[in-house]
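Structure first, commentary second.
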Amino acid sequence: MIHCIEPDDFDKQEVDYLIKSACDIMDNPSKYAEKCKGKQLATLFYEPSTRTRLSFTSAMLSLGGSVLGFSDANNSSVSKGETLRDTIKIVSSYADIIAIRHPKEGAAFLSSLHSSVPVINAGDGSHSHPTQTLTDLLTIYRELGRMDNLCIGLCGDLKYGRTVHSLIKAMKMYENISFILISPPELGLPDYMIQELKESGIKHEISCDIDEHIDKLDILYMTRVQKERFEDMEKYEKCKNYFILKQSNLSKSKPGMIIMHPLPRLNEIDTDVDSYPGAAYFRQASCGKYIRMALILYLLDNIGIKKEPSYEKTTGKCFNSKCISQEEKTDLLVKKNKNQYLCAYCENILKK
Ligand code: NCD
């Protein structure tokens, strides 16, 4: 069975297929209106969401299927102390496919280990958000017509922003990609992501100034400072308005540059930017429904396929306090990456 836990669970051919399929769905929605008749999607949202949950719901309904689940874990047995693994065992006996969002890193991966149906990661803490990445790739394809030869400025909260982590991983598939990592010094990319960039040989530059780079960017990807992940609110207050993109910043931008944002936005993009032709963030949000339709169909159509696990069992413990393996009783599972071992749940570096 194939799950969608990490952005690199799919190879380039599969991503191309999903993008083409989403475009076909956009052009011919009636062809797909009954493709999931009789199928049920469970949406288990342990964290707030507007776009992701509603686009999953709209996607399944537009495929003729139905949706069950919760948008507030306090209304589920989690509030009685049920473990995630038990919840998943039960829900996978009711539904044909599960989309889960959870505050703990690695929660979707753990779910996939205990589920009898495909699991989709709809965001696990500040770790990954692969369906946002598929949405972003579809947006890039539709807006720019290419995925190669791109200079991408990632701006805002690169430490906790799961959408940027996933986008970086996915862009490894394409040729001649470079990143400008623009963040307050406190909110730079986590070590394991910097390592990933270095190992993949992707050009990247670290900065804390948008204006200095705007003339070379094909894409400016803005993000919200993730208040809910901060332990120290003083630090949040200091960083929250670090970047505010205004029309005036765009005077030197490269012709054709697009601005993306996974949304919700707070102050980081002024509303006067919305009328800029390259402001793609609302179009990006609408792409989310179609790529999720393509993804649901792909996972349900390939339920019989077996993928070899890319992890191994070991003894020990992951020391990331936000990792699901600390909360639920689990064996430590590790992935080998070059000379390092990473926790298979949250991908923090365990040892060299
Ligand atoms: C993002 C998320 O949840 O990570 N939103 C989304 O899914 N569209 C970004 C954010 O919350 O800032």
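Here the sequence shown is numbered in the numbering used here, starting from 426 and rising by one per residue.
C-beta: ideal position from N, C-alpha, C; glycine also.
Owing to the predicted nature of the structure, the values given are computational and were not obtained by experimental measurement.
Cutoff 7 Å; reference residue i; Cβ partners in own chain excluding five residues on either side
{"i": "H590", "result": "H552, S553 and M618"}
{"i": "K704", "result": "The residue asked about is misnamed: residue 704 is Ala in this sequence, not Lys. Contacts found: I684 and V698."}
Residue i versus residue j: straight-line alpha-carbon distance, rounded
{"i": "L562", "j": "F435", "result": "13 Å"}
{"i": "V698", "j": "I635", "result": "15 Å"}
{"i": "L642", "j": "I577", "result": "6 Å"}
{"i": "N546", "j": "S536", "result": "9 Å"}
{"i": "F604", "j": "C664", "result": "21 Å"}
{"i": "S518", "j": "F668", "result": "46 Å"}
{"i": "G531", "j": "P454", "result": "34 Å"}
{"i": "L670", "j": "I694", "result": "5 Å"}
{"i": "G490", "j": "K760", "result": "36 Å"}
{"i": "K652", "j": "Y661", "result": "6 Å"}
{"i": "K714", "j": "Y566", "result": "15 Å"}
{"i": "C461", "j": "K628", "result": "42 Å"}
{"i": "T588", "j": "P687", "result": "7 Å"}
{"i": "K514", "j": "S540", "result": "6 Å"}
{"i": "N745", "j": "T477", "result": "26 Å"}
{"i": "A595", "j": "D433", "result": "6 Å"}
{"i": "I730", "j": "K505", "result": "36 Å"}
{"i": "R649", "j": "N666", "result": "10 Å"}
{"i": "P610", "j": "N674", "result": "21 Å"}
{"i": "E752", "j": "A498", "result": "16 Å"}
{"i": "K747", "j": "Q620", "result": "20 Å"}
Rounded distance between the beta-carbons of residue j and residue i, thought under 8 Å
{"i": "I607", "j": "L579", "result": "7 Å"}
{"i": "L538", "j": "L720", "result": "Incorrect: roughly 20 Å between the Cβ atoms, too far for contact."}
{"i": "I430", "j": "V544", "result": "7 Å"}
{"i": "M647", "j": "G581", "result": "6 Å"}
{"i": "K584", "j": "G613", "result": "6 Å"}
{"i": "Y471", "j": "H428", "result": "18 Å between Cβ atoms; not a contact."}
{"i": "L725", "j": "K456", "result": "Not really, about 16 Å apart at Cβ, beyond 8 Å."}
{"i": "K732", "j": "L758", "result": "With 8 Å as the limit, K732 and L758 do not qualify as a contact, their Cβ atoms being about 15 Å apart."}
{"i": "Y723", "j": "L443", "result": "6 Å"}
{"i": "L575", "j": "I631", "result": "Actually they do not touch by this definition, with Cβ atoms about 18 Å apart."}
Close Cβ partners of residue i (< 6 Å) along its chain, the five nearest in sequence each way excluded
{"i": "Q709", "result": "T564 and M685"}
{"i": "A524", "result": "T468, F481, I545 and A547"}
{"i": "K776", "result": "Y766"}
{"i": "G741", "result": "L757"}
Span of the alpha helix (DSSP H), counted from its first residue to its last, around residue i
{"i": "V650", "result": "Element bounds for V650: n/a, residue is neither H nor E."}
{"i": "E459", "result": "From DSSP, E459 is part of no alpha helix (DSSP H); its letter is neither H nor E."}
{"i": "E662", "result": "M658 to C664"}
{"i": "I593", "result": "R587 to M596"}
Extent of the continuous beta strand (DSSP E) run through residue i
{"i": "H686", "result": "Premise fails: H686 is in no beta strand (DSSP E) and is neither H nor E."}
{"i": "H638", "result": "Per DSSP, H638 belongs to no beta strand (DSSP E) and is neither H nor E."}
{"i": "K776", "result": "I774 to K776"}
{"i": "K445", "result": "Run containing K445: none in the beta strand (DSSP E); it sits in the alpha helix (DSSP H), K437 to D452."}
Same chain, Cβ closer than 8 Å to residue i, five either side skipped, listed in chain order
{"i": "V492", "result": "Q465, L466, A467, T468, F481, T482, M485 and L486"}
Residue-chain proximity (residue i, chain D), Cβ-Cβ < 8 Å
{"i": "L606", "result": "Considering every chain present, this structure includes no chain D. It has just one protein chain."}
Inside the region 546-584 only - beta strand (DSSP E) runs reaching at least 3 residues: 575-580
Complete runs of the alpha helix (DSSP H) confined to the region 464-543 [at least 4 residues]: 476-487, 509-519 and 532-539
Every unbroken beta strand (DSSP E) within the region 696-770, with a cutoff of 3 residues, ordered by chain: Entirely contained in the region 696-770, the beta strand (DSSP E) runs reaching 3 residues are, in chain order, 737-739, 757-762 and 765-768.
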